[in-house]
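Undergrad: Provided herewith is a single structure, encoded as structure tokens, for subsequent inquiry.
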Amino acid sequence: MMSKLDTRSVDQSLGVAIGQTWEGYWFLPSAGKSLAVVRIVTGILGLFLCTSYAIDLLDWFGPSGWLPADSVTAWRSPFAFSI
């Protein structure tokens, strides 16, 4: 059976290990190529998403669209977002 002293030392060593892992993840230098690839892929996916929305924009929100303007206005919250 473990004593309180042994439990504290295990807890402290676990805390130290977690702290070192956390600091290593955030603060150790790493190559920028992987981040660059992630940014490029994210940008391409964002452009694809915007393009796919732009193609069907009038089909969704046009005068005879799937979502008429009065329906969109009815769903809109009375609280507007502003800066």
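The sequence shown begins at -5 in the numbering used here and counts up one residue at a time. Where is the CB? At the ideal position from N, CA and C, for every residue including glycine. Keep in mind that this is a model prediction, so the values were computed, not measured.
1) Check whether the Cβ atoms of LEU43 and TRP54 lie closer than 8 Å to each other.
2) At which residues does the alpha helix (DSSP H) containing ARG70 begin and terminate?
3) Looking at the unbroken alpha helix (DSSP H) that takes in ALA48, where does it start and where does it end?
4) Helix, strand or coil: which one does DSSP assign to GLY56?
TA: Quick answer:
1) In this structure, TRP54 does not lie closer than 8 Å to LEU43 by Cβ.
2) Careful: ARG70 lies outside any alpha helix (DSSP H) and carries neither H nor E.
3) First-last of the alpha helix (DSSP H) with ALA48: 27 to 49.
4) In the structure shown, the three-state DSSP call for GLY56 is coil.
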